[in-house]
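Participant: Let me begin by handing over the structure; questions about it come next.
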Amino acid sequence: RQATYIHLDISSIRQHGRKRKKTMIIDFHTHIFPEKIASHTIKALEERSQFRAAAGGTLKDLRISMKKQHIDYSVVLPVATKPSQFDSINSYAASINHTDGILSFGGIHPENDNISNRLAYIKSLGLKGIKLHPDYQNTYIDDERYIEIIKECIRLNLCCVIHAGYDIGLPIPIHCPPDRAYLMLQQVLKHCDKDSKIVLAHVGGNLQWHLVEKLLVGKNVYFDLAFCRNMIEKEQLMRIIRNHGSDRILYATDFPWDSQKETVDYIKALPLSEEELDNILYKNALRLLDMH
3 RQATYIHLDI
13 SSIRQHGRKR
23 KKTMIIDFHT
33 HIFPEKIASH
43 TIKALEERSQ
53 FRAAAGGTLK
63 DLRISMKKQH
73 IDYSVVLPVA
83 TKPSQFDSIN
93 SYAASINHTD
103 GILSFGGIHP
113 ENDNISNRLA
123 YIKSLGLKGI
133 KLHPDYQNTY
143 IDDERYIEII
153 KECIRLNLCC
163 VIHAGYDIGL
173 PIPIHCPPDR
183 AYLMLQQVLK
193 HCDKDSKIVL
203 AHVGGNLQWH
213 LVEKLLVGKN
223 VYFDLAFCRN
233 MIEKEQLMRI
243 IRNHGSDRIL
253 YATDFPWDSQ
263 KETVDYIKAL
273 PLSEEELDNI
283 LYKNALRLLD
293 MH
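Count along the sequence shown from 1, add 2, and you get the number used in this note's numbering.
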């Protein structure tokens, strides 16, 4: 008779001593690099940011981490730092998509031409969204080229994850601060009466959360929790979650820059209701990925 393994830990014990049922977990923000460049890329990024990665940056490293922490799906977010990378990035994304819990998004650069056709191509590959990184793409988020890309994502029902706020590897200038993110949202959502599927990473704006609370909380946008657990005060994080709504917050790690295990433990330790925790760990992601 086949044995069944059930993983339990102290963080799964919720209020009033009840054991919490095992739930799905979806990490909405991870990065990997092809095997031949992963080690060199991680080392270069560590030197630039003066921050040590929590894990290796290969597909194998991510799968090992997912297995250890019982992560059901990880969303991989490639960044096109040059327009010429469009074909290679999206070819690789398609090759790993839907393999062993990996859900890869595509990549596009604001200097690419034929934006509509390129995004349609990304969708035709079965990729559910794209990643934009305004700092690495040296473009402000309210630039008209990004506005075109994001509007087209909305039209095509593609998710758009955007690095927001301070980047420890490229600190100045910040290309997606909350005030510019606010201006972008005003333009792309002007005639949008549906869920935007726009995600501002790092709780809406890394290290700029006072402006996130002032300008972005309550808007038609999602925030992910990538790389935030050692950066934001828990009281402020809980205030943002409650005021923005747990139905627009996504569990995310920024793997390999933070640990999937430690981030899950951190989120489970927050004073969240079971419904709020389920929303954050998987329900919101399922909705954005059209998997519900």
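Ideal placement from N, C-alpha and C gives every residue a C-beta, glycine not left out. These numbers were taken from a predicted model, which means no experiment stands behind them.
Around the C-beta of Ser118, are 16 or more other C-beta atoms found within 10 angstroms, so that it is buried, or is it exposed?
Facilitator: With fewer than 16 Cβ atoms within 10 Å of its Cβ, Ser118 is classed as exposed.
Participant: Could you pull out every unbroken alpha helix (DSSP H) segment of at least 4 residues lying fully inside the segment 165–202, listed in chain order?
Facilitator: Entirely contained in the segment 165–202, the alpha helix (DSSP H) runs reaching 4 residues are, in chain order, 180–190.
Participant: Exposed or buried, what is Glu278 when buried is set at 16 or more other beta-carbons lying within 10 Å of its beta-carbon?
Facilitator: Counting Cβ neighbours within 10 Å, Glu278 comes out buried, since at least 16 surround it.
Participant: Leaving out five residues on either side along the sequence, give the residues of the same chain with a beta carbon under 7 Å from the beta carbon of Val266.
Facilitator: Contacts found: Ile27 and Gln71.
Participant: Using DSSP's beta-bridge definition, name the partner residues of Ile132.
Facilitator: Note: Ile132 sits in a beta bridge opposite Gly108 and Cys162.
Participant: Just to confirm, are Gly167 and Ile156 a CB contact at a threshold of 8 Å?
Facilitator: No, Cβ-Cβ distance for Gly167 and Ile156 is not below 8 Å.
Participant: If you draw a straight line from the C-alpha of Tyr284 to the C-alpha of Tyr148, how long is it?
Facilitator: For Tyr284 and Tyr148, the distance between alpha carbons rounds to 28 Å.
Participant: Ignore the nearest five residues each way along the sequence and tell me which others in Arg1's own chain have a CB closer than 7 Å to its CB.
Facilitator: In the structure as shown, the chain begins at 3 and stops at 294. Residue 1 is therefore absent and cannot be evaluated.
Participant: Taking the Cβ atom as the reference point for each residue, do Asp63 and Gly103 lie within a distance shorter than 8 Å?
Facilitator: Not a contact, by the Cβ cut-off of 8 Å.
Participant: Where does Thr101 sit, in a helix, a strand or coil, going by DSSP?
Facilitator: Note: Thr101 maps to strand in three-state DSSP.
Participant: If you reduce the DSSP assignment to three classes, tell me which class Asn245 lands in.
Facilitator: It is helical.
Participant: Could you tell me which whole alpha helix (DSSP H) segments of length 4 or greater appear in the segment 15–87?
Facilitator: Counting whole runs of 4 or more residues, the segment 15–87 contains the alpha helix (DSSP H) stretches 37–51 and 61–71.
Participant: Quick check on DSSP: helix, strand or coil for Leu127?
Facilitator: Three-state result, Leu127: coil.
Participant: Using only alpha-carbon positions, find the residue among His204, Leu217 and Trp211 that is nearest to Glu237.
Facilitator: Minimum Cα distance to Glu237 is reached at Trp211.
Participant: Based on Cα-Cα distance, which residue from Lys192, Ser126 and Tyr138 lies nearest to Ile152?
Facilitator: When each option's Cα is compared against that of Ile152, the closest is Lys192.
Participant: Is Val201 near Ile164, with beta carbons less than 8 Å apart?
Facilitator: Their beta carbons are under 8 Å apart, which means Val201 touches Ile164 by this criterion.
Participant: Assign Thr101 to buried or exposed, taking buried as 16 or more other Cβ atoms, counted over all protein chains shown, within 10 Å of its Cβ.
Facilitator: Answer is exposed; the Cβ neighbour count stays below 16.
Participant: Keeping to the same chain, check which residues put their C-beta closer than 8 Å to that of His33; ignore five residues upstream and five downstream.
Facilitator: Gly59, Val78, Leu79, Pro80, Val81, Asp256, Phe257, Pro258 and Trp259, listed in sequence order.
Participant: For Ile8, which of helix, strand or coil comes out of DSSP?
Facilitator: At Ile8, the pLDDT of 33 sits below 50, so the modelled position is not reliable and the matter cannot be decided from this model.
Participant: Tell me whether Gly128 is buried or exposed, calling it buried when 16 or more other Cβ atoms sit within 10 Å of its Cβ.
Facilitator: The residue is exposed, with fewer than 16 neighbouring Cβ atoms inside 10 Å.
Participant: Let me confirm a value: Glu154 is counted as buried when at least 16 other C-beta atoms fall within 10 Å, else exposed. Which label applies?
Facilitator: It counts as buried.
Participant: Spell out the partners DSSP gives Ile143 in its beta bridges.
Facilitator: Ile143 pairs with nothing; no bridge assigned.
Participant: State the DSSP-derived secondary structure class of Leu288, mapped to helix, strand or coil.
Facilitator: It is helical.
Participant: Can you grab the Cα-Cα spacing for the pair Arg54 / Tyr138, in whole Å?
Facilitator: So the two alpha carbons sit approximately 19 Å from each other.
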